[in-house]
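Worksheet for the structure shown next.
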Amino acid sequence: MNERTGILTLVAALIVGASLIASSLVIRSSVDRASGELAGVRDALLAIPGVGKPEEAARAAARGSRPDPDRRYTVNTEGSPSRGPESASVSIVEFSDFQCPFCRRVGPTMEKIEADYGDQVRIVFKNMPLSIHPKAQAAHAAGEAAHRQGKFWEMHDRIFANQSRLEPEIFEGYAQEIGLDMERYRADVASSPVKERISADIEEARRLGVTGTPGFFVNGRFVSGAQPYETFKRLIDEEIGKG
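Residues 1 to 243 (the numbering used here) are what the sequence shown spells out, left to right.
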């Protein structure tokens with residue numbers, strides 16, 4: 001009886017040992033396969049231009065799809081509202097949303113830049129009404145309609161000054177205040193060209209990787225958000241110095 005028990009115990013031990021060896025081989029194979037896949041991902045990342053080093057990969061991941069502040073981008077500004085001469089040393093293109101509180105907050109910064117730098121700086125406005133702001137689209141249509149009569153900035157300033165009141169009837173009041181042809185204004189607000197212009201600006205923002213407002217390009221160099229005056233001053237001074 002004891003001999004039989006010993007044999008059974010030995011057989012059981014052999015079975016358990018074989019199972020453990022098999023499991024170990026399966027686990028090792030899985031680990032090797034996963035390691036190979038991770039290495040492939042790493043190699044693919046390192047092959048991307050501008051992501052050749054681990055620290056660069058980390059920065060790219062943190063930045064997401066936003067424009068790279070170390071690059072210069074070409075922004076199409078043809079037909080966009082602007083202030084300042086086209087020959088200015090520095091062009092600041094702003095993608096803005098009339099319902100965005102941060103866009104309103106950065107307004108005084110832009111005014112100070114214009115006051116301090118004068119004809120050395122040109123400010124360009126691009127429409128970027130966000131989907132989370134249901135009243136923004138109508139505000140941008142009012143701005144574009146005013147732009148067609150040469151009064152964009154007058155409309156722009158009134159909309160931002162009264163950002164809590166973004167209704168079409170309010171915009172009509174502004175249009176009358178700034179002396180627009182009201183029949184033409186009403187036709188333009190609802191027109192396809194105005195809608196297409198706003199859509200084109202949104203598509204331009206998407207092409208550049210701008211996902212939030214305000215977003216700026218200072219001579220093509222990206223600045224995200226309502227940054228303080230000092231941030232813009234540093235970039236502007238660098239650009240003027242290069243000239």
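C-beta atoms are modelled at their ideal positions from N, C-alpha and C, and glycine is treated no differently.
This structure is a prediction, so every number in the text was calculated from the model and none was measured.
Approximately 18 angstroms separates the beta-carbon atoms of leucine 208 and valine 106; this is outside 8 angstroms, ruling out the contact. DSSP places glutamate 86 outside both helix and strand once states are collapsed to three, so it counts as coil.
The criterion of a C-beta distance shorter than 8 angstroms is satisfied by glutamate 114 and valine 121. Relative to the Cα of leucine 235, the nearest Cα in the group Ala146, Glu154, Ile92, Ala145 belongs to Ile92.
Boundaries around glycine 215 are those of the beta strand (DSSP E), 215-218, since no alpha helix (DSSP H) includes it. The alpha-carbon separation between arginine 158 and lysine 195 amounts to approximately 21 angstroms. Secondary structure at isoleucine 92: strand, using DSSP grouped into helix, strand and coil. Listed in chain order, the non-local C-beta contacts of alanine 205 below 6 angstroms within the same chain comprise Phe95, Met128, local neighbours out to five positions each way being set aside.
Ranked by Cα distance from valine 189, the options Phe152, Val210, Gln163, Gly225 are led by Phe152.
Your pair valine 210 and proline 69 does not check out as a contact, with CB atoms roughly 12 angstroms apart and the cut at 8 angstroms. Within the same chain, Cβ atoms closer than 7 angstroms to the Cβ of lysine 135 are found at Gln99, Leu166, the five residues on either side in sequence being excluded. In terms of Cβ geometry, proline 193 and phenylalanine 102 do not form a close pair [threshold 8 angstroms].
Looking from the CA of glycine 84, the closest CA among Ile198, Met182, Ala161, Asp119 belongs to Asp119. DSSP, reduced to helix, strand and coil, places valine 124 within a strand of the structure shown.
In the structure shown, the three-state DSSP call for serine 192 is helix.
DSSP, read as helix, strand or coil, puts arginine 66 in coil. Going by beta carbons, phenylalanine 125 and proline 81 fall inside the 8 angstroms limit.
Beta-carbon to beta-carbon, alanine 175 and alanine 146 are separated by about 7 angstroms, close enough to satisfy the 8 angstroms threshold.
Apart from the 5 residues on each side of it in sequence, glycine 220 sits with its Cβ closer than 6 angstroms to the Cβ of Arg72, Tyr73 in its chain, given in chain order. Your pair glutamate 239 and serine 89 checks out as a contact, with CB atoms roughly 6 angstroms apart and the cut at 8 angstroms.
As computed with DSSP, serine 131 is found in no beta bridge at all. Leaving aside the five residues that flank glutamine 137 on each side, the residues in its chain whose CB is nearer than 6 angstroms to its CB run, in chain order, Pro129.
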